[in-house]
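In the working numbering, the protein residues as written are 440 to 622. Using N, Cα and C, we set each Cβ at its ideal position, and we do this for glycine too. These numbers were taken from a predicted model, which means no experiment stands behind them. Have a look at the structure below, then the notes.
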């Protein structure tokens, strides 16, 4: 193959939400990215990037971490430099998780939620997470490296009724293994 198709090179995944009403606990949503090896794209992640972390090679960074949703525009921004990723890496799954130990909140309880996936100045995806309104965690994007080395996006919101640890396992699992966590 000649590699004439460019595919995705640098992508930004941004998340926003409205603050909770006065006098109520803050809404804390987090972006998380799991980077998986090409040899085992549904196995254990090579690494995870979430609040306060970045990938070892600097190709995945989380520039902002909001615990309240306060401020203008998007509250959390995850940057992926797919063109710089090691050839041994073949899949990146991006999710959104509500930090709620009691697991009582769902995306439907939080106003103004939005996910934007952008390559350069082009919006590839704009979603309000309504498709996961009953869930507390959701996969919002899946990037895969094709045989020619180009990266493609598989958009779509898939909600899960799972805590943080279980969600990290479910978000990277093969589609046939995800049913148990889907609301």
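When only Cα atoms are considered, residue 501 and residue 449 end up about 14 angstroms apart. Residue 600 is positioned such that its CB atom lies closer than 8 angstroms to that of residue 575. Collapsing the DSSP output to three states places residue 514 in coil. Of the residues 461, 459, 460, 469, the one whose Cα lies closest to the Cα of residue 453 is 469.
Judged by DSSP secondary structure, residue 593 falls within the beta strand (DSSP E) whose first and last residues are 590 to 599.
By the criterion of a C-beta distance shorter than 6 angstroms, residue 498 is surrounded in its chain by 520, 523, 524, once the five residues flanking it on both sides are discounted. With respect to residue 495, residue 527 sits apart: the two C-beta atoms are not nearer than 8 angstroms. Distances from the alpha-carbon of residue 606 to those of 589, 536, 591 put 536 closest. Residue 565 sits exposed, since fewer than 16 C-beta atoms from the chains shown fall within 10 Å of its C-beta. The secondary-structure analysis by DSSP pairs residue 486 across a beta bridge with 474. In the assembly as shown, residue 569 is an exposed residue. Its beta-carbon has fewer than 16 other beta-carbons within 10 Å. For residue 581, the enclosing beta strand (DSSP E) stretches over residues 576 to 584. Here residue 498 carries a coil assignment [DSSP, helix/strand/coil]. With respect to the C-alpha of residue 538, the residue from 604, 588, 532 having the closest C-alpha is 604.
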